[in-house]
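Before any comments, here is the structure.
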Ligand code: NAP
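Residue numbers (this note's numbering): 1 to 246.
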């Protein structure tokens, strides 16, 4: 019976785990970093916390006799894809990166593409009210913008003050709806959004809402894709898995 490890934290990882536990009797383990307090329910086994770098992950792959590794971490997870690549090589385990496609700007979108959060902080208009959805760990670059009032949306209510001069927080978990996103932007008189180009449907409604209200979106572009096998959807990942485990 094959053992499959999914590096998770995304909708696609959960979908893949659901599909494989429903369709096969394989051992499916999803690994989470442990960033959110109450992660969504997942089928199969769940383990939480880092492995201790690529060597720690390689050891885990060997100890648990993992046959396949699916790196379904978020497009903006910076370290794990490299660790997964090296660990899979060290342990001799086939690996694939599951990476949903980025959003593409439509003709009415007013996107300002930037390569980093630091750049995003620099290009924010002076004295504006900005909607920030980049995540709790990634607020530091915006600390210098003492002129900007931020509306920060996080999954969990923060336990400590955020490193921003002027802000309010809302704790909400997606998926979101376009109409509600428009109402939120209007209610808080948002003039500008900062978003990572995460792709996927769960957080796209804020982009639709910005389009409807003709608001600019400072769009942080993705980091490079790791080398090796790449699936753009859960279906493509399942095809690859099917090729390897016949
Ligand atoms: P990261 O920079 O790639 O990871 C930092 C460290 O966290 C890794 O070195 C690893 O620790 C541990 N880690 C990451 N993903 C893990 C997983 N699935 N299982 C076990 N350990 C994991 O990633 P990040 O940006 O901090 O994101 C952390 C997690 O949140 C990822 O799983 C990602 O899918 C999810 N997420 C991230 C974002 C985002 O915008 N970055 C958005 C939504 C969800 P060790 O080196 O000790 O193994």
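We treat Cβ as the ideally placed atom computed from N, Cα and C, and that holds for glycine.
On a predicted model such as this, the values are computed, not experimentally measured, just so you know.
Identify which residue in the options has its Cα closest to the Cα of residue i.
i	options	result
residue 92	62, 123, 41 and 158	62
residue 58	90, 222, 10 and 155	90
residue 197	186, 178 and 224	224
residue 17	37, 36, 64 and 71	71
residue 7	187, 103 and 95	95
residue 102	118, 233 and 108	233
residue 201	12, 2 and 1	12
Is the beta carbon of residue i within less than 7 Å of some heavy atom of the ligand NAP?
i	result
residue 64	no
residue 57	yes
residue 33	yes
residue 120	no
residue 88	no
residue 80	yes
residue 68	no
residue 303	No answer is possible for residue 303: the residues shown for the chain start at 1 and end at 246.
residue 97	no
residue 73	yes
residue 231	no
residue 77	yes
residue 51	yes
residue 83	yes
Do residue i and residue j have their CB atoms nearer than 8 Å?
i	j	result
residue 150	residue 142	yes
residue 218	residue 148	no
residue 68	residue 154	no
residue 24	residue 44	no
residue 255	residue 174	Residue 255 lies beyond the residue range present for the chain, which begins at 1 and ends at 246; the question has no answer from this structure.
residue 199	residue 75	yes
residue 14	residue 40	yes
residue 117	residue 220	yes
For residue i, I'd like the list of residues in its chain whose CB is within less than 6 Å of its CB, leaving aside the five on either flank, ordered along the chain.
i	result
residue 48	32 and 34
residue 189	129
residue 178	205, 208 and 209
residue 28	4, 17, 20, 21 and 44
Skipping 5 residues on each side, what residues in its chain have a beta carbon closer than 7 Å to that of residue i?
i	result
residue 158	136 and 169
residue 81	71, 73, 97 and 226
residue 182	209, 212 and 213
residue 156	36, 37 and 171
Uninterrupted alpha helix (DSSP H) stretches inside the segment 177-207 (no shorter than 4 residues): With a minimum length of 4 residues, the continuous alpha helix (DSSP H) runs that stay inside the segment 177-207 are 178-187.
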